[in-house]
Amino acid sequence: MFLLWASIALGQTITLSGRVEWSGAGPVRIEALTEDSGGHLLVVSSVTLDGPGSFELAVPAGAGPVRLRAGSDPERDGIGPRSAMGIYPGLVRVGAQDIGELDWTLSAPRDP
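Under my numbering, read the sequence shown as residues 41 to 152, first letter to last.
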């Protein structure tokens, strides 16, 4: 965790890029998530796009393994339980180099 905070303080970032596909329209939020020592998910970085498609997300250099999540966000207030959502398969290991070709598709929201 120290490296993550040191990278934030120094302003060093790595760009994650790719495409998020979805059959719907409207804003899509992309989040890089990590876990703290208690197993709680923390948002390391996020970006909201006007719609599905190509993205770039700046994350602190050396953040280590992050999970990428994307979801529809029509109100631009975060990904909700009724949002179309998708998780990038596997962890993305953030070090000192940009990472591209991170592509995945959102799934339709499930009925409660």
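In this text, a Cβ means the ideal position worked out from N, Cα and C, and glycines have one as well.
With residue i and residue j assumed to form a contact (beta carbons below 8 Å), what rounded beta-carbon distance in angstroms separates them?
i, j, result
"S85", "A101", "Wrong, their Cβ atoms sit about 12 Å apart, outside the cutoff."
"A124", "G64", "6 Å"
"L89", "P67", "7 Å"
"I70", "L131", "Contact doesn't hold; Cβ gap of about 15 Å is too wide."
Taking buried to mean at least 16 other C-beta atoms within 10 Å of its own C-beta, is residue i buried or exposed?
i, result
"G126", "buried"
"G59", "Checking the sequence, you will find Arg at residue 59 rather than Gly. Its Cβ having fewer than 16 others within 10 Å, R59 is exposed."
"R133", "exposed"
"R204", "The question about residue 204 has no answer here: the residues shown for the chain are numbered 41 through 152."
"L146", "buried"
"S94", "exposed"
The beta strand (DSSP E) that contains residue i, what's its start and end?
i, result
"E115", "Note, E115: premise wrong, no beta strand (DSSP E); not H, not E."
"G140", "I139 to T145"
"A72", "V68 to E75"
"R59", "T53 to E61"
"R133", "V132 to V134"
"G126", "M125 to I127"
Which runs of the beta strand (DSSP E), 3 residues or longer, sit entirely within the stretch 80-111? 81-89 and 93-100
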